[in-house]
Amino acid sequence: MSFSPRLRSFTLSLFALAGSAAAQAPVEPAPWLAFQKLPKSKQAEVLAQVAAALPVHPLVTALQTLASEVAHTHPERVKPHAVRQGKRTVEFPHEVLSLPRRCLYLFGVGTIEVRDPAHPERAVVASKSTKDKPNAGVDPVPMHQALRGCVPNADHALAVVLQRLDVDTTADTFAAFLQSWRNGEESFYEALDRTAGTKDSVFFFDSMLGDFRGQFASANGDPSLRSLKGAHDALHAAFLACRQYRGFREAVAWSLVLPPAHALPSRLARYETKVAGAYSLREQVMMVAAAMDWDLAKLITTITTAAPPLPKPLWNSAYDPYPAWSAIFQKLLPTMIERAGSSDAFLQQTRDDWQALATAIATACERLLPTTSEAGHKP
């Protein structure tokens, strides 16, 4: 590969799978559109009844318990670096998701950032103008989630699951480094993740490689980082290790909060792609969670206890979370077969049960909506 004097081409050729096509915005259920038309006071009345209306199920209980922890403060593991180029925005702001979200877990930093659903590209800034106004604080997102079949506040549960899974601090400084450099409106993690497995390349100035060398060469005593090409190769390898580490954990977390009928975010589609003779990671996560009777706290602990550490330094070797995960799955296979007769039957049973739960959640919350006359609508 040749390098221009001013630019370096970071070509991600090690991932063979191309990213899936851009996801289409999900069709909004009619009850959600009806809910939005209600006066704020009526919305507040409906929202107050949601928790009591939910079906009794261990998955609902587990996700609600995790969601309740979102307000617990955690110190920043690494202080986010100042943005070197452009302006910092919330990660993946234009990602089309089945789960409306109000918060985002920051990998490497270890904290949960609040985001504005109406303006997903920026974090929330409290407005003084709405203070003390009746019903000004009505948060419709839990209802929106429920009407799509998700457990209300599943976005909070998602953030907490990611926070619990991200326990290896080896990549924290590198994650902050990737966030500090921008490719237009996106961080370099977003840009490199977006182009991984495609023919596209991400270009960046030598100054970024110089910054990488300055931050990591002396700390790791690696002579290969003294040249720009050596720094390029090391940065490439470090990103791939981080992507494997982070992507696996994101796929696990999303698989625990999204009903089976909803696709994972498109950048994680590789984790639900079917391979002949094998279950996708998403299918395995559903099966393991069901075999553990939806004890998600236990599942998270099991994963983090068994997970291999990230390489030190990050560019030293590849990161592979699958052997440890496969051992967890294989250990529970007898339980799955005992309950359903075969692993395939257990997967189908789990999928059907979860989808039935999603339908029950949406139906229960739809019944809370007042009729047109009760809502005070004019004909």
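Numbering (numbering that gives the first Met the number 0), first residue to last: 0 to 378. From the three backbone atoms N, C-alpha and C, an ideal C-beta is built for every residue, glycine too.
CB of residue i within 8 Å of CB of residue j, strictly
i	j	result
Leu227	Leu208	yes
Ala357	Gly148	yes
Asp294	Ala61	yes
Ala250	Leu280	yes
Leu224	Arg212	yes
Ala153	Val287	no
Val160	Ala233	no
Pro258	Glu94	no
Pro57	Asp292	yes
Ala158	Ile111	yes
Ala216	Ala317	no
Arg100	Leu164	no
DSSP-derived helix/strand/coil call for residue i
i	result
Ala195	coil
Ser226	coil
Thr301	helix
Val113	strand
Val274	strand
Leu46	helix
Leu280	helix
Leu37	coil
Leu53	coil
Leu103	strand
Val124	Caution applies to Val124, whose pLDDT of 48 falls short of 50 and renders its modelled position unreliable; the value that the coordinates give is listed next. In the structure shown, Val124 sits in coil (DSSP, three-state: anything other than H, G, I, E or B).
Met207	helix
Leu257	coil
Thr64	helix
Trp314	helix
From the options, residue whose alpha carbon lies closest to that of residue i
i	options	result
Ala236	Ala250, Ala195 and Val256	Ala195
Gln63	Val45, Pro151 and Val108	Pro151
Asp205	Trp180, Asp138, Arg193 and Leu191	Trp180
Met285	Leu53, Leu37, Ala317 and Asp352	Asp352
Trp324	Thr169, Leu309, Gln283 and Leu146	Gln283
Asp210	Ala230, Gly109 and Gln348	Ala230
Gly246	Asp319, Ser186 and Leu368	Asp319
Ala145	Pro322, Glu271, Lys311 and Phe34	Phe34
Asn315	Lys41, Lys297 and Phe238	Phe238
Supposed close pair residue i, residue j - CB separation, criterion 8 Å
i	j	result
Asp167	Arg76	The pair is not a contact, with the Cβ atoms about 11 Å apart (cut-off 8 Å).
Cys102	His143	Wrong, their Cβ atoms sit about 14 Å apart, outside the cutoff.
Ala290	Met335	5 Å
Ala174	Gly107	3 Å
Pro74	Thr169	18 Å between Cβ atoms; not a contact.
Ala260	Pro54	Going by Cβ atoms, the distance from Ala260 to Pro54 rounds to 17 Å, so no, they are not a contact pair.
Closer than 8 Å to chain C by CB, residue i
i	result
Val108	Of the chains in the structure shown, none is chain C; there is only one protein chain.
Segments assigned alpha helix (DSSP H), at least 4 residues, entirely inside the stretch 139-186: Every unbroken stretch of the alpha helix (DSSP H) spanning 4 or more residues and falling wholly within the stretch 139-186 is given here in chain order: 140-146, 153-164 and 171-179.
Sequence ranges, alpha helix (DSSP H) only - wholly within the stretch 318-377, length at least 4: Counting only runs of at least 4 residues, the stretch 318-377 fully encloses the following alpha helix (DSSP H) elements, listed from N- to C-terminal order: 321-339 and 342-365.
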